[in-house]
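Chains as they are written, first to last, in our numbering: chain R, 1335 to 1832; chain Y, -9 to 165.
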């Protein structure tokens, strides 16, 4: 097929400059662009100028107001259509691409009176606690907008833009891109048919998990003010109260939440973060699972049978990537090198570990051992029964469906996609065997309910954002009893002054 | 502030086709300038309206969002830097500009992040469809509030919903 001749990566490691590394300021980049513009097809205007990452940049690059790589867009003002995209590295233009015309209005930029070394010093004086970015872009970056120089930094892993008047250097705004103030938790008292808002709305709720011993009780992780807070409900999800806070060392984001019940019928809470698997025996004090290797504990599931349990944790990045398991949260064994996504069966007695990159190869983990399942398609999660007795409900990129053996044949089971909403979160009722009810929360596509083990689905809440302001992305769904269900709705990012 | 008006007009599709062909020929001639890229297959979704700025800069047609490493560390594509370009190998995405002119796009620049709970699979792509609304339409899109919109001859939110969720989309991106 034909395609646009654009760079497929802006990794500028293959520098054509042939010079040594040379970081430059915004005004120096502007002057280079202007010189090129004069040669092009005058009259031209600059409509975009910003710094970008270059291979080999340090994590604090830009702290001196200089960056090695810059990107600019020039527009042919006479024809008002053609755009030229320029990339600079070490003070030299290393790439030029013609772009399609802009789709809407664009703004002509003017040369700033202040330069970026001054801008970042002013920004650091106003907001000394900002940090360099990491991930997506490293260090401090700079963006020229109409009448303003924007310093891009971070605060607690959230993106920060400090906007300074390009003529005077005065700080016009300091904003952080945050989920706080939107999203929240909703609940149902009729098995997922109707939904109402809990008192956890306008909060960044990340995950929810039922107490393994007490019906109607559950726990939720709430991200607020750069810390992880644990809330609990005693009434099936309608009202939530603060229980405890994780220590600062736990970080500012909780990937996953779980709970186990031991032989003494005590519950322990588990929270997976980038820094560790944090464990609390009393709901108040927290410590990391000491022998679990370093790395983000992104996926967590518990297989619980009576008072015996086995905790599974996937470390999804770094040298220790893989699936780990423990029966006492102290001693851990590495079960696999693959960081599987993890799902619990309706009775929590088994765990499905799905490898989304392996076209459907998954592990069924039970107290009896493990078994390889081949779904023949990528799978992201599951609910229902995992032992083949009745329906296994699956979610994958193609939607939500059943894994069924074709009737009257010896053929291997196939996935029948019955709800084409893209990927989602699943939960099955604790009495799924006798009453195969399950709930699916889609990615911006609403909440659905099945009464027949996933063969047919009824939409029960097509626009969750009408209940809870957010992006309508369902972060989690959990049954607390056969009637009580809770769902977490993700918030949407907003720029807020800080 | 000087606003420069660009106008593709009602015949944008036809004109855009010529532009694509012309640039494609340039790409053949200067093919050696295209860096080696890998091919990925994942789900493509769409969004519209919303904030003027994402983490990587101004949000406009032609940009996309994907996972963010502190939130989805297991997705290798979450580590791609802002400014990364990808090219859809399966189909053109039909975008509609402010004046109602449709045009085809297959190349998109990474400038935003999303899906903080990692519901979508690795290598997920969320294409931005624009912030245009018809006079009288609300400046909102399901799942997005507090949006900033421009009056136009099309509703970008409707287009994004129509695009839906497209699994198994192949595209080229960075190695």
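Backbone N, C-alpha and C define an ideal beta-carbon position, used for all residues, glycine too.
Quick caveat: nothing in here was measured; it's all calculated off a predicted structure.
Residue-level contact to chain Y via CB, residue i, 8 Å cutoff
{"i": "residue 1407(R)", "result": "no"}
{"i": "residue 1819(R)", "result": "no"}
{"i": "residue 1469(R)", "result": "yes"}
{"i": "residue 1495(R)", "result": "yes"}
{"i": "residue 1600(R)", "result": "no"}
{"i": "residue 1622(R)", "result": "no"}
{"i": "residue 1830(R)", "result": "no"}
{"i": "residue 1587(R)", "result": "yes"}
{"i": "residue 1764(R)", "result": "no"}
Residue i - containing beta strand (DSSP E), residue span
{"i": "residue 1633(R)", "result": "1631 to 1639"}
{"i": "residue 1601(R)", "result": "1601 to 1607"}
{"i": "residue 1467(R)", "result": "Element bounds for residue 1467(R): n/a, residue is neither H nor E."}
{"i": "residue 1596(R)", "result": "Where residue 1596(R) is concerned, there is no enclosing beta strand (DSSP E), given that its DSSP letter is neither H nor E."}
{"i": "residue 1538(R)", "result": "1538 to 1544"}
{"i": "residue 58(Y)", "result": "Taken as a continuous stretch (DSSP letters only), residue 58(Y) belongs to no beta strand (DSSP E), as it is neither H nor E."}
{"i": "residue 1497(R)", "result": "1492 to 1499"}
{"i": "residue 1744(R)", "result": "Neither: residue 1744(R) is in no beta strand (DSSP E) and is coded neither H nor E."}
{"i": "residue 41(Y)", "result": "From DSSP, residue 41(Y) is part of no beta strand (DSSP E); its letter is neither H nor E."}
{"i": "residue 1735(R)", "result": "1733 to 1738"}
{"i": "residue 1419(R)", "result": "1417 to 1423"}
{"i": "residue 1669(R)", "result": "1667 to 1670"}
Three-way DSSP call (helix, strand, coil) for residue i in this model
{"i": "residue 1361(R)", "result": "helix"}
{"i": "residue 1650(R)", "result": "coil"}
{"i": "residue 1370(R)", "result": "helix"}
{"i": "residue 68(Y)", "result": "helix"}
{"i": "residue 1661(R)", "result": "coil"}
{"i": "residue 1406(R)", "result": "strand"}
{"i": "residue 106(Y)", "result": "coil"}
{"i": "residue 1796(R)", "result": "coil"}
{"i": "residue 1584(R)", "result": "helix"}
{"i": "residue 1655(R)", "result": "coil"}
{"i": "residue 1761(R)", "result": "strand"}
{"i": "residue 1725(R)", "result": "coil"}
{"i": "residue 1343(R)", "result": "Per-residue confidence for residue 1343(R) stands at a pLDDT of 41, beneath the threshold of 50, marking its modelled position as unreliable; no derived number is given."}
{"i": "residue 1803(R)", "result": "coil"}
{"i": "residue 1683(R)", "result": "coil"}
Beta-bridge partners of residue i, as assigned by DSSP
{"i": "residue 1820(R)", "result": "1521(R) and 1812(R)"}
{"i": "residue 30(Y)", "result": "161(Y)"}
{"i": "residue 1479(R)", "result": "1482(R)"}
{"i": "residue 1397(R)", "result": "Answer is none; residue 1397(R) lacks a bridge partner."}
{"i": "residue 1621(R)", "result": "1613(R)"}
{"i": "residue 75(Y)", "result": "99(Y)"}
{"i": "residue 134(Y)", "result": "131(Y)"}
{"i": "residue 1826(R)", "result": "Beta-bridge pairing links residue 1826(R) to no other residue."}
{"i": "residue 1771(R)", "result": "Residue 1771(R) is not bridged to any residue."}
{"i": "residue 1576(R)", "result": "1565(R)"}
Partner residues on chain Y for residue i, Cβ-Cβ distance less than 7 Å
{"i": "residue 1812(R)", "result": "By Cβ distance, chain Y contributes nothing, its closest Cβ being about 14 Å from residue 1812(R), past 7 Å."}
{"i": "residue 1691(R)", "result": "112"}
{"i": "residue 1650(R)", "result": "63 and 64"}
Contact list for residue i against chain R, beta-carbon separation under 8 Å
{"i": "residue 132(Y)", "result": "1778, 1797, 1799 and 1806"}
{"i": "residue 178(Y)", "result": "An answer regarding residue 178(Y) cannot be provided, because it is not within the stretch -9 to 165 covered by chain Y."}
{"i": "residue 30(Y)", "result": "Simply none; closest approach about 11 Å."}
Chain R contact for residue i (CB, 8 Å cutoff)
{"i": "residue 64(Y)", "result": "yes"}
{"i": "residue 145(Y)", "result": "no"}
{"i": "residue 61(Y)", "result": "yes"}
{"i": "residue 72(Y)", "result": "yes"}
{"i": "residue 22(Y)", "result": "Note that residue 22(Y) has pLDDT 30, beneath the 50 cutoff, so the model's placement of it is unreliable and the number below is only indicative. By this cut-off, residue 22(Y) is not an interface position."}
{"i": "residue 58(Y)", "result": "yes"}
{"i": "residue 69(Y)", "result": "yes"}
{"i": "residue 152(Y)", "result": "no"}
{"i": "residue 125(Y)", "result": "no"}
Where the alpha helix (DSSP H) through residue i begins and ends
{"i": "residue 87(Y)", "result": "Unbroken run through residue 87(Y): none, as it is neither H nor E."}
{"i": "residue 110(Y)", "result": "It is not in any alpha helix (DSSP H) - residue 110(Y) carries neither H nor E in the DSSP assignment."}
{"i": "residue 146(Y)", "result": "146 to 153"}
{"i": "residue 1452(R)", "result": "1450 to 1460"}
Chain-ordered chain R contacts of residue i [CB-CB under 7 Å]
{"i": "residue 110(Y)", "result": "1757 and 1777"}
{"i": "residue 54(Y)", "result": "Result: empty, since nearest Cβ-Cβ is about 13 Å, beyond 7 Å."}
{"i": "residue 47(Y)", "result": "1384 and 1477"}
{"i": "residue 117(Y)", "result": "None at all; the shortest Cβ gap to chain R is about 13 Å."}
Under 8 Å from the C-beta of residue i: neighbouring residues of chain Y
{"i": "residue 1387(R)", "result": "71, 72 and 73"}
{"i": "residue 1678(R)", "result": "Those within 8 Å of residue 1678(R) in chain Y number zero; the least Cβ separation is about 17 Å."}
{"i": "residue 1565(R)", "result": "In chain order: nothing, as chain Y lies at least about 17 Å away."}
Residues that residue i contacts on chain Y, provided the C-beta gap is smaller than 9 Å
{"i": "residue 1577(R)", "result": "Going along chain Y, no residue has its Cβ under 9 Å from residue 1577(R), so there is no contact; the nearest lies around 21 Å."}
{"i": "residue 1716(R)", "result": "Chain Y residues near residue 1716(R): none, gap ~14 Å exceeds 9 Å."}
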